[in-house]
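So the sequence shown is residues 135 to 246, counted in my numbering.
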Amino acid sequence: MLKLKYYKVFKYFKSYTRSSSMNKAEFIDAVAAKAGLSKKDAKGAVDAVLDTITETLVKKETVSFIGFGTFSTADRAERTAKVPGTDKTVKVPATTVAKFKVGKALKEAVAK
C-alpha cells in the first residue's frame, strides 16, 4: 500500500515539475510556432544562437541583449574548501564560469 501511495505522489510530482519547465525540443517547437518556421529551420536557428553564445563566452567576451540580459564569464581563483562531515580540506582549482545577468525588461516581465 505504501509503495502505491509513493508512486502516486511521485507521478504527480514528476508531472508537476515537468510541466513547469521547458526542454530544448519544446523550446524549438515554440520558436517554430512563433516565427512561422519549420521545426528543422527553428532547430537550426536555436542551435546557431546557442553555438554563437558559447563561442563568444569561450573567447571571454560578453553577449548582451538589451532588455533581456547579458551573458559573460568570470574567473574564480583557486581556493581551499572543507568537505562537509569531515575535517578534510581540498584544493579547488581556478576556473572560468559562465554568468547571466537579467535585463530590466525581462525582470519586470517575470515579476508581473
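From the three backbone atoms N, C-alpha and C, an ideal C-beta is built for every residue, glycine too. These numbers were taken from a predicted model, which means no experiment stands behind them.
Across which residues does DSSP place residue i in a beta bridge pair?
| i | result |
| --- | --- |
| S198 | T204 |
| K235 | T204 |
| K216 | T223 |
| D209 | T230 |
Report the rounded CA-to-CA distance for residue i versus residue j, giving the unit in angstroms.
| i | j | result |
| --- | --- | --- |
| V224 | V231 | 20 Å |
| K216 | K222 | 6 Å |
| F234 | T204 | 6 Å |
| T190 | M156 | 24 Å |
| V180 | I162 | 7 Å |
| A243 | V236 | 11 Å |
| K194 | L240 | 24 Å |
| V165 | G201 | 19 Å |
| V143 | S154 | Below a pLDDT of 50, predicted positions are generally treated as unreliable, and V143, at 46, falls in that range; no measurement from the model is reported. |
| K177 | T188 | 16 Å |
| V183 | A245 | 26 Å |
| V197 | S206 | 7 Å |
Using CA atoms only, rank isn't needed, just tell me which of the options is closest to residue i.
| i | options | result |
| --- | --- | --- |
| K238 | S206, D221, T229, F199 | F199 |
| D175 | V192, T204, A159 | A159 |
| A228 | D185, T214, V180, A179 | T214 |
So does the region 170 to 189 actually touch the region 206 to 217, counting three or more Cβ pairs closer than 8 Å? no
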